[in-house]
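Written below as structure tokens is the structure these notes are about.
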Amino acid sequence: MFGKKKQVTTIDKDQLELIENAQKRIKQKKRLYVHFVIFLIGAVFLILANTVLKIGETFKPAGIDWFVYAILAWFFLFIYHFVSVFITNKFMGKDWEKQQLEKLVNQQQARIDKLKQNFVKEEPKSAQTQAYTEPNKKDTIAQKKRILI
Numbered sequence: 001m002f003g004k005k006k007q008v009t010t011i012d013k014d015q016l017e018l019i020e021n022a023q024k025r026i027k028q029k030k031r032l033y034v035h036f037v038i039f040l041i042g043a044v045f046l047i048l049a050n051t052v053l054k055i056g057e058t059f060k061p062a063g064i065d066w067f068v069y070a071i072l073a074w075f076f077l078f079i080y081h082f083v084s085v086f087i088t089n090k091f092m093g094k095d096w097e098k099q100q101l102e103k104l105v106n107q108q109q110a111r112i113d114k115l116k117q118n119f120v121k122e123e124p125k126s127a128q129t130q131a132y133t134e135p136n137k138k139d140t141i142a143q144k145k146r147i148l149i
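Printed below as a string of structure tokens:
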């Protein structure tokens, strides 16, 4: 009764990530369907505006009513939206981003390791050359005193 604790369900990070990814995909698809419905309603409105309300009735570029161009432009935007949701996102979704991130991090780490190895090889050589090429501080002070005198 009083001593019993409710079991708290825990979701590990992988499951949480899968759930979040699924929620994002659902939102994307829902927005696409809403876009399609708005496209249909808008297309009907444009047709009615031209034919019934006589808006832009005389404007016919290339002999075609203006609303046809407007609907075609909107249709191409809808097709782009469709491709980005159903085609591009499958190939370049979260999994693809993770793979690319891991690949780039590994390449960067390999370059860093190579630079470290080169540095370790070059360090003794540069220390030796500095020891031979650096003038002794006492000698330089003595030379400066001679110049001043």
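At position 60 of the sequence shown (counting the first as 1) the number is 60 in full-length UniProt numbering, and the numbers step up by one without a gap.
For glycine and all other residues, C-beta sits at the position ideal for the given N, C-alpha and C.
Note that this is a predicted model, so its numbers are computed, not measured.
In this structure, how does DSSP classify residue i when only helix, strand and coil are distinguished?
i	result
Gly-56	coil
Thr-88	helix
Thr-10	coil
Gly-93	coil
Ile-79	helix
Lys-116	helix
Lys-4	coil
Have a look at the options and flag the residue whose alpha-carbon is nearest the alpha-carbon of residue i.
i	options	result
Lys-90	Lys-4, Phe-78, Ile-11 and Gln-28	Gln-28
Lys-94	Leu-104, Asn-21 and Val-44	Asn-21
Ile-87	Leu-18, Arg-25 and Glu-17	Arg-25
My guess is that residue i and residue j are in contact by the Cβ rule of under 8 Å, so how many angstroms apart are they, rounded?
i	j	result
Asn-50	Trp-66	7 Å
Val-85	Leu-32	5 Å
Leu-46	Ile-64	So it is not a contact: roughly 13 Å between Cβ atoms.
Kindly list the residues whose CB is nearer than 6 Å to the CB of residue i, restricted to its own chain and excluding five residues on each side of it in sequence; keep chain order.
i	result
residue 150	Coverage of the chain is limited to positions 1 through 149, which leaves residue 150 absent and any answer about it impossible.
Thr-58	none
Leu-55	Sequence inspection shows Ile at residue 55; the Leu mentioned does not correspond to that position. Counting only Cβ-Cβ distances below 6 Å, and skipping sequence neighbours, we find Ala-49.
Among residues of its own chain, excluding the 5 on either side of residue i, which ones have a beta-carbon nearer than 8 Å to its beta-carbon?
i	result
His-35	Phe-78 and His-81
Between which residues of its own chain and residue i is the CB-CB distance below 7 Å, once the five residues before and five after are set aside?
i	result
Leu-101	none
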